[in-house]
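Chemist: Going by the working numbering, the sequence shown opens with residue 412, and the numbers climb by one from there.
After the structure tokens below, expect a handful of questions from me.
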Amino acid sequence: MVDSILYQENTFVVLETDQPEQIFTTQELLEKLKKVLLTCQDNLPRDLKKLTLIDEQAEFLKNNFCELDVGPDNYLQWYAIRLEK
């Protein structure tokens with residue numbers, strides 16, 4: 412039987428232009444995504460444009476994507492990680 416802890420996503424590694432890799436909790440990632448979403452509403456994927464609240468957009472982004480286009484020569488990526496076995 413598969414352990415349910417394998418499906419918990421509460422820690423993420425975040426990769427960003429000109430920044431060292433960072434480890435974020437779910438809440439920290441959501442706060443980061445909200446900040447970024449406030450600055451790039453014009454370039455959102457269609458799925459995100461359907462959602463009107465930044466909180467909803469950030470949650471949807473966290474659950475369904477692993478990167479966001481933040482402009483030319485820039486990137487923002489996040490991946491769920493497990494810190495303990």
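Yeah, the Cβ is synthetic: ideal placement off N, Cα and C, and Gly gets one too.
Predicted model, so just to flag it, every value in this text is computed and none were measured.
Taking only the alpha-carbon atoms, compute the straight-line gap between V425 and E470 and give it to the nearest angstrom.
Modeler: The residue you call residue 425 lines up with position 14 of the sequence shown. The residue you call residue 470 lines up with position 59 of the sequence shown. Rounded to the nearest angstrom, the two C-alpha atoms are 15 Å apart.
Chemist: Can you give me the C-alpha to C-alpha distance between W489 and G482, rounded to a whole angstrom?
Modeler: The residue labelled residue 489 in the question sits at position 78 within the sequence shown. The residue labelled residue 482 in the question sits at position 71 within the sequence shown. Going from the Cα of W489 to the Cα of G482 covers about 16 Å.
Chemist: Could you compute how far the alpha carbon of E427 sits from the alpha carbon of L487?
Modeler: As a first step, residue 427 is located in the sequence shown; it is residue number 16 there, counting from the start. As a first step, residue 487 is located in the sequence shown; it is residue number 76 there, counting from the start. Each residue's alpha carbon lies about 5 Å from the other.
Chemist: What's the call for L449, buried or exposed, on a 16-neighbour Cβ count within 10 Å?
Modeler: One-based indexing of the sequence shown puts residue 449 at position 38. Exposed, because fewer than 16 other Cβ atoms sit within 10 Å of the Cβ of L449.
Chemist: Confirm, please, whether the CB-CB distance from K461 to L513 is below 8 Å.
Modeler: Because the chain spans 412 through 496 in this model, residue 513 falls outside it and cannot be assessed.
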